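Below: one structure, written as structure tokens.
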Amino acid sequence: METISVVGYSDVGSQTGQDLTELSIGLKHRNLLNHIYCRGVEKRVVPNDFITTPIPLGRTIPRAMTGINQFLMEDFNNRYYSERIFDFFASKSISNSGIHLHHTPGYIRTLREGNKNGNKTVVKATTEYTDSFYQRVLNESEKIEISSPKFP
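For the sequence shown, the residue numbers in the numbering used here are 1 to 152.
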């Protein structure tokens, strides 16, 4: 069976139950984990040789951007720029592993690099919060003049 490399903009081991952490542990336990490309490491849950934090200085640059957003420029989109930096450096460090699972979607450079090398790519879609989903369904139902489904 082919091994899987996981790409995700979050910190491995940062909180119990966090998706990237649990996915990494599960894949490693089943001998399916090839590599993890993540923003940083909070707590080692898999051996170091399975983890790459592609951004130079690890979480320092994204945290500095968060500080810019909080203390200097409220309208500075730190997440957007941090993810673009992550995508750039992840695309430079991604390897051939057979299957790349993009846990966080939107990393175009990394996707292109992986596909260019012939890897199979799976992108996990993000999900919408339940309340906003319900509200969207209600709004769309009104627009097209149908009765909306009943939600719990």
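The beta carbon of each residue, even a glycine, is placed where N, CA and C say it ideally should be.
For clarity, every value in this text was computed on a predicted model and none was experimentally measured.
Reference residue i, options the options, closest by Cα
i: residue 134; options: 27, 149, 123 and 13; result: 149
i: residue 14; options: 38, 1 and 26; result: 38
i: residue 59; options: 82, 93, 100 and 101; result: 82
i: residue 84; options: 65, 95, 26 and 118; result: 65
i: residue 62; options: 51, 52 and 78; result: 78
i: residue 48; options: 143, 30, 24 and 69; result: 24
i: residue 124; options: 46, 107, 130 and 139; result: 107
Through-space distance from residue j to residue i, alpha-carbon basis
i: residue 40; j: residue 146; result: 47 Å
i: residue 120; j: residue 98; result: 6 Å
i: residue 115; j: residue 122; result: 11 Å
i: residue 27; j: residue 126; result: 20 Å
i: residue 92; j: residue 110; result: 8 Å
i: residue 55; j: residue 42; result: 15 Å
i: residue 5; j: residue 33; result: 6 Å
i: residue 89; j: residue 112; result: 13 Å
i: residue 35; j: residue 118; result: 17 Å
i: residue 132; j: residue 8; result: 24 Å
Reduced DSSP category for residue i - H, G, I as helix; E, B as strand; rest coil
i: residue 13; result: coil
i: residue 144; result: coil
i: residue 3; result: coil
Range covered by the alpha helix (DSSP H) that runs through residue i
i: residue 21; result: 19 to 29
Run of the beta strand (DSSP E) containing residue i, from where it starts to where it stops
i: residue 120; result: 120 to 123
The ligand FMN heavy atom lying under 7 Å from the CB of residue i
i: residue 78; result: Absent from the structure shown: the ligand FMN. Ligands present: none.
Original post:
Could you give the uninterrupted runs of the alpha helix (DSSP H) lying entirely in the region 76 to 117, keeping only those of 4 residues or more?
Top reply: 78 to 93 and 108 to 116
Subject >> Complete alpha helix (DSSP H) runs within the region 33 to 70 (minimum length 4 residues, chain order) >> reply: 60 to 67
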